[in-house]
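The numbering used here puts the first residue of the sequence shown at -14, with every later residue one more than the last. Just so you know, even glycine gets a beta-carbon here, dropped at the ideal spot from N, CA and C.
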Amino acid sequence: MKFIEFSDCWYWFLLAAAVCYLIGCFNFAVLIARFKKKDIRHMGSGNPGTMNMTRSLGIKFGAINFFCDVAKGGVPALAAYFIFKNYCFAGTGVSVSDFARYFFGVFVIIGHIFPVTMKFKGGKGIASTMGLFVFALPCEEWWFIFLAIAFLALVLLYIAVTEWGSMGSLLGVSGLTVWQGAIFVVRYRAEIADFNPYVIALLMILLVLNLLTWLRHKENITKLLAGEEHHTAVKKHKK
């Protein structure tokens, strides 16, 4: 295991933040809709994301968009793992890759939600956030992928049965956040007791990821409470 000082590599993280933000700005929903000669931003809810794609263009295009956004959120985390997997922050037992995976991911999500290419009016970040979580831990422990897939399957089943797409999405992101946060709390319990800044920053990033998706869904939450939220019926949207 090699040790590095953050002060010696901070500019690499700054560059990574910029690159990941630009990756996040690339919106697959807009691109896929253009193949149909449509603008997803002027259809349905106007949100350029999986749920609106499913409602507006059918489950096939919604699924394509979902998996593209999952890859967008997950691949940068995978890259961060392989770049930093053999490094620890100097003077600590904290793996650089544990921090870097979520650091890369949060900027992808910020770019997705607030893309400079779309006047800062992007999607809601659910699929990309789930992609980040699905890739982040299985890249170090391959069998975690089965837990992640099982969790996603439960989320999709919840949405199919209840037809509450936004609530299922929020519960999914929250559940994945708690799962991965709990792993790092156990892994770094000694460092947390000593207020290690890298571990605190990692946990704060997890919190920010969760807050971003909930805040982006504030209108959906208001509609849910008022009983006015749109249903996401899978059978209805097969095209």
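query	result
ASP83, buried or exposed, once every other Cβ within 10 Å from all chains shown has been counted against 16	buried
Check whether THR114 and THR198 have beta carbons under 8 Å apart	yes
Sheet register partners of SER80 (DSSP bridge)	CYS73
Reduced DSSP category for LYS(-13) - H, G, I as helix; E, B as strand; rest coil	strand
Whole beta strand (DSSP E) elements within the stretch -8 to 17, 3-residue minimum	none
Where the alpha helix (DSSP H) through GLU204 begins and ends	203 to 211
Residue nearest to LYS106 in terms of C-alpha spacing, selected from PHE118, GLY212 and PRO33	PRO33
Nearest-angstrom beta carbon gap, TYR173 and VAL163 [assumed within contact, 8 Å]	The pair is not a contact, with the Cβ atoms about 16 Å apart (cut-off 8 Å).
At least 3 beta-carbon pairs within less than 8 Å: the stretch 42 to 61 vs the stretch 83 to 93	yes
Assigned secondary structure, TRP164 (DSSP; H/G/I helix, E/B strand, else coil)	helix
Any non-hydrogen atom of the ligand HEM closer than 7 Å to LEU210 Cβ	Because no ligand of any kind appears in the structure shown, any question about the ligand HEM cannot be addressed here.
Span of the alpha helix (DSSP H), counted from its first residue to its last, around THR102	First-last for THR102: undefined, no H or E at that position.
Contact check, LEU155 vs HIS97, beta carbons under 8 Å	no
Residues of its chain near PHE131, where Cβ-Cβ distance is below 7 Å and the 5 sequence neighbours each way are ignored	none
CA-to-CA distance, GLY76 to ASP54, given in whole angstroms	37 Å
Collapsed DSSP secondary structure at ASP24 in the structure displayed	coil
Beta carbon of CYS5 nearer than 8 Å to that of THR102	no
Between the CA atoms of ILE(-11) and GLY31 - distance to the nearest angstrom	45 Å
CB of GLU125 within 8 Å of CB of TYR66, strictly	yes
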